[in-house]
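Everything below concerns the one structure shown next.
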Amino acid sequence: MDDREWKVKRAEFLDLLENVLSDANDAYEVLENYEAPISYQLSLGYLNMSFVAFLEARKLYELHEDIQHYEIEPFFKSYGDFKFQLKKVITENDDNTSWLHGSYERFRSVCVGIRKFIENSNSN
15 MDDREWKVKR
25 AEFLDLLENV
35 LSDANDAYEV
45 LENYEAPISY
55 QLSLGYLNMS
65 FVAFLEARKL
75 YELHEDIQHY
85 EIEPFFKSYG
95 DFKFQLKKVI
105 TENDDNTSWL
115 HGSYERFRSV
125 CVGIRKFIEN
135 SNSN
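The numbering used here puts the first residue of the sequence shown at 15, with every later residue one more than the last.
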């Protein structure tokens, strides 16, 4: 992959990461802003949108070896953990969202770190 294509793929991955994070944030925040069951329906809608972008990011990452890096790997696990905790809160109608909050914060932190990594590698 030449340097230009490399930068395009990283930028494409970064855009997908931002979409995943934005929709995951909405899926998380809507639980605080609305009462159940509407909050659950809205949350699952946003989760579905984030999962579509997540799958596209995963596909792009797997198909392009040149963008694969250990700095990006935690994105996939942290999203899976967040998704699991969100579904658990909804499925169990659980008011205790501390596990969800922790998994969301870890996911958000991982995304911020990846964004910085990609932006720094784009400047090289």
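No residue lacks a Cβ here, since even glycine has one placed at the ideal position from N, Cα and C.
query: Host alpha helix (DSSP H) of Q82 (start-end); result: Q82 -> no alpha helix (DSSP H), and no H or E assigned at all.
query: Assigned exposure category for V124 - 16 Cβ within 10 Å defines buried; result: buried
query: Contact between the segment 113-124 and the segment 78-95 (3+ Cβ pairs under 8 Å); result: yes
query: A25 in three-state terms, based on DSSP; result: helix
query: I81 at chain D interface by Cβ criterion, 8 Å; result: In the structure shown, chain D does not exist; there is a single protein chain.
query: Length of the line joining the Cα atoms of Y75 and F27; result: 7 Å
query: Cβ pair T111, L45 closer than 8 Å; result: yes
query: Cα-Cα separation, A67 to L77; result: 15 Å
query: Length-filtered (4 minimum) alpha helix (DSSP H) runs lying within the segment 70-112; result: 88-105
query: Cβ contact check for the segment 77-88 and the segment 37-52: 3 or more pairs under 8 Å; result: no
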